[in-house]
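Protein chains in written order, with this note's numbering: chain A, 2 to 212; chain B, 370 to 683.
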C-alpha cells in the first residue's frame, strides 16, 4: 500500500513537472517568437493577376487586410501613375531601388502589411520632409514607420491608430487617392486644374443643350 | 319640380358617361387645367474633358452592366452608366446646359437618374468610393441634383462647386461647398440633416463646421495663469520639454529623462506656499491685487506672473 502511495505521488510529481515545462515552453515561445503574421497567399496572387482598374475598384475594396504584394502594387501606381511591372519581385526591386521601401524590413509577399510600413512608403513617395525625429531616428531605421504615420496623421491622410495595425483595402485606396491629390496640389506631376464655375460658364452653358 | 330634378340627374349621368368614353391619349375637349402636363424625358450626360485613364460601362437592354470602355470627349452617357477613374485621372461631364460634374481620381460613380419631370430636371448620382465635384447654375428649369452614398446624401440648392467624398469601408464622408449656394447633407445612419454654406464642410460626425474646424489641427491653448497647480503640472508634463517629442505621451518621455513628476509637484506647492507667505508684496494685474486661491483664480490664475526675476525653466 505504501509502495502504491509512493508510486502515485511520483506520478503526480512527474505530471506537475511536465506541466511546468509546458507552461515555461509556451511562455518562452511567446516571448521569443514575437507577433504572429497573417499570410494570405491566394489574395496576393489574385491581386497580382487583375488589371489596374479591377485592382483599385473591385479587388482591394473587398479585402479586410492588404498583403505586401498588393501594397507594393498600390505604391507603384501612386509613384508612377501606372504599373508597368509584371510581378512582385520587379515591383519590390523598383521600390527598394528608389528607397521607397526598405530592404531591411524583409517583407514577404503573402504577409499582411501594417499601417506603419504603408505610411513610410507614402511619405517617401510624397517627399515629405518630416520633423527631427523622422529624419534623425527614421533615417537610422528607428521608429521610421511610427514617425511616418504621424506625418500622415498631421496631413489628415490617415486616422489615428496603432502602427502595427492592418489596413483594409478600401482604406488603402482612399489613402492613395488623398496622396495623389497631395502630389497634384504640389505640382509633383502635371495636372490640368478644373474650375467648376468657369467650365460651367464657358463650356456648358454656351454650347450644350440637353440631349 | 320633381320632373325637372329627375331630368337634370339623368342628363348629368349621360354627359358623364359620354365624356368617359373619350379614348386615352386623345386630347380632351375640356379646357386645360392649371396643373402642367407630366413630361418625362430621358437625357444623356456628355463628356467634355478627360484626364488620365477613365472608363465607363453602360447598362444593356436587360439592365445588366455592359463592358468597360475608355472614355473620350464627346461620349454620351445615359442613366445607369457606371464610371471609374484611376489615379492621376478625372472626367468632367455636362448634364444639360446648367450642370457640370467632375468625377475625381480613384473614384467609382454612377449616373442613376438623368431626366426631366414637369418643370424639374433631375440628376441623381451614386458614389461608391472616391469624390465628386459639381456645380449647378440657376436657370428657368428647376434643377434637382443629389449625390447618393450608402451612408449620406448630398442635395444641392442652386450651387456652384460642391464636393462629396466617401470611403465605403469606414463609412466616412465629407461634404463641402467652395463657392456659392447652399448644400444639404443627410446622414442616413443617424437621420441627421445639416445645411452647408460656402466655405464650410461637414463630416459623418455631423457637428457644426466651426466645431469640426477646431479638430483639424491640434493647437494647445493653455492659460497658465488661470490654472490650478495640478492643471499646470499636467500641462507641463504633457506639452512641454520632451512632451513635444511625443504629443500626448509626455509623461513617458519625462520619466525617461529622469525627472520626477512628484518632486515637480512638491516644488510647485512650495513655490506657492512661499508666495502666499510673502504676500506683503502682492502681485498686481492692471493695478488690481490678485488674491490667489487654491482652486485656481478663474482667469487671473495661481501661476507665477511673468517677470524677468521669477521666470524659471520647468
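Think of the CB as a built atom: it goes at the ideal place given N, C-alpha and C, for glycine as much as any other residue. All values derive from a computational prediction rather than experimental measurement.
Can you check whether the C-beta of residue i is within less than 7 Å of a C-beta belonging to chain B?
i                      : result
residue 115 of chain A : no
residue 200 of chain A : yes
residue 174 of chain A : yes
residue 171 of chain A : yes
residue 271 of chain A : This structure gives no information on residue 271 of chain A, because the portion of chain A shown stretches from 2 to 212.
residue 132 of chain A : no
residue 178 of chain A : yes
residue 162 of chain A : no
residue 139 of chain A : no
residue 82 of chain A  : yes
residue 49 of chain A  : no
residue 54 of chain A  : yes
residue 1 of chain A   : The first residue shown for chain A is 2 and the last is 212, placing residue 1 of chain A beyond what the model contains.
Work out the CA separation of residue j and residue i for me, nearest whole Å.
i                      : j                      : result
residue 467 of chain B : residue 503 of chain B : 11 Å
residue 410 of chain B : residue 482 of chain B : 11 Å
residue 134 of chain A : residue 177 of chain A : 24 Å
residue 138 of chain A : residue 152 of chain A : 14 Å
residue 335 of chain B : residue 460 of chain B : No answer is possible for residue 335 of chain B: it lies beyond the span of chain B, which begins at 370 and ends at 683.
residue 464 of chain B : residue 448 of chain B : 11 Å
residue 124 of chain A : residue 643 of chain B : 51 Å
residue 73 of chain A  : residue 554 of chain B : 36 Å
residue 142 of chain A : residue 432 of chain B : 54 Å
residue 184 of chain A : residue 26 of chain A  : 51 Å
residue 111 of chain A : residue 46 of chain A  : 8 Å
residue 86 of chain A  : residue 57 of chain A  : 16 Å
residue 499 of chain B : residue 103 of chain A : 29 Å
residue 549 of chain B : residue 89 of chain A  : 48 Å
residue 405 of chain B : residue 171 of chain A : With a pLDDT of only 46 at residue 405 of chain B, under the threshold of 50, the placement of this residue in the model should not be trusted; the figure read from the coordinates follows. So the two alpha carbons sit approximately 47 Å from each other.
residue 510 of chain B : residue 430 of chain B : 30 Å
residue 521 of chain B : residue 638 of chain B : 53 Å
residue 149 of chain A : residue 428 of chain B : 44 Å
residue 566 of chain B : residue 97 of chain A  : 47 Å
residue 175 of chain A : residue 198 of chain A : 26 Å
residue 162 of chain A : residue 573 of chain B : 19 Å
residue 70 of chain A  : residue 92 of chain A  : 9 Å
residue 706 of chain B : residue 100 of chain A : No statement about residue 706 of chain B is possible, as the shown extent of chain B runs from 370 to 683 and does not include it.
residue 59 of chain A  : residue 559 of chain B : 28 Å
residue 542 of chain B : residue 20 of chain A  : 54 Å
residue 423 of chain B : residue 576 of chain B : 35 Å
residue 414 of chain B : residue 75 of chain A  : 31 Å
residue 77 of chain A  : residue 600 of chain B : 49 Å
residue 564 of chain B : residue 552 of chain B : 6 Å
residue 426 of chain B : residue 478 of chain B : 11 Å
residue 323 of chain B : residue 519 of chain B : Absent from the structure is residue 323 of chain B, since the part of chain B shown begins at 370 and ends at 683.
So with Cβ pairs under 7 Å, would you call residue i a contact of chain A?
i                      : result
residue 477 of chain B : yes
residue 471 of chain B : yes
residue 397 of chain B : Low local confidence applies: a pLDDT of 37 at residue 397 of chain B is under 50, so the model's placement there is unreliable, with the coordinate-based value given in what follows. For residue 397 of chain B, the answer is no, since every Cβ of chain A falls outside 7 Å of its Cβ.
residue 502 of chain B : yes
residue 461 of chain B : yes
residue 496 of chain B : no
residue 506 of chain B : yes
residue 543 of chain B : no
residue 546 of chain B : no
residue 642 of chain B : no
residue 493 of chain B : no
residue 577 of chain B : no
residue 511 of chain B : no
At 3 residues or longer, and completely inside the region 397-483 of chain B: list those beta strand (DSSP E) runs for me, N to C.
-> Qualifying beta strand (DSSP E) stretches, in chain order: 409-411, 414-420, 423-426, 451-454, 459-464, 468-472.
Could you list the residues in the region 187-198 of chain A with a C-beta less than 9 Å from some C-beta on chain B, going in chain order?
-> Result list: 190, 192, 193, 195, 196, 197, 198.
Touching or not, the region 154-167 of chain A and the region 113-125 of chain A, by the rule of three or more beta carbon pairs under 8 Å?
-> As far as the Cβ criterion goes, the region 154-167 of chain A touches the region 113-125 of chain A, which means the pair count is three or higher.
Quick check: the region 184-192 of chain A against the region 484-500 of chain B, are there 3 or more CB pairs under 8 Å?
-> With the cut-off at 8 Å, the region 184-192 of chain A and the region 484-500 of chain B do not touch.
Contact set between the region 522-539 of chain B and chain A, restricted to residues whose Cβ is under 8 Å from the partner = Here the close residues are 529, 530, 536, 537, 538, 539.
Quick one: which residues of the region 563-574 of chain B get their C-beta closer than 9 Å to a C-beta of chain A? List them in chain order.
-> In summary, no residue of the region 563-574 of chain B has a CB separated from any CB of chain A by less than 9 Å.
For the region 66-78 of chain A, which residues have a beta carbon sitting closer than 7 Å to at least one beta carbon of chain B?
-> Using a CB distance below 7 Å, the part of the region 66-78 of chain A facing chain B consists of 78, ordered along the chain.
Could you list the residues in the region 439-458 of chain B with a C-beta less than 8 Å from some C-beta on chain A, going in chain order?
-> Within the region 439-458 of chain B, the residues whose Cβ lies closer than 8 Å to some Cβ of chain A are 445, 453, 455, 456, 457, listed in chain order.
Do three or more CB pairs link the region 415-423 of chain B to the region 440-456 of chain B at distances below 8 Å?
-> Output reads yes: the region 440-456 of chain B touches the region 415-423 of chain B.
Runs of beta strand (DSSP E) wholly within the region 66-146 of chain A (minimum 3 residues, chain order) | Residue ranges of uninterrupted beta strand (DSSP E) with 3 or more members are absent from the region 66-146 of chain A; none lies entirely inside it.
Taking any Cβ of chain A, which residues in the region 414-439 of chain B have a Cβ under 9 Å from it, in chain order?
-> Of all residues in the region 414-439 of chain B, 414, 415, 417, 418, 420, 421, 422, 424, 437 have a Cβ within less than 9 Å of some Cβ in chain A.
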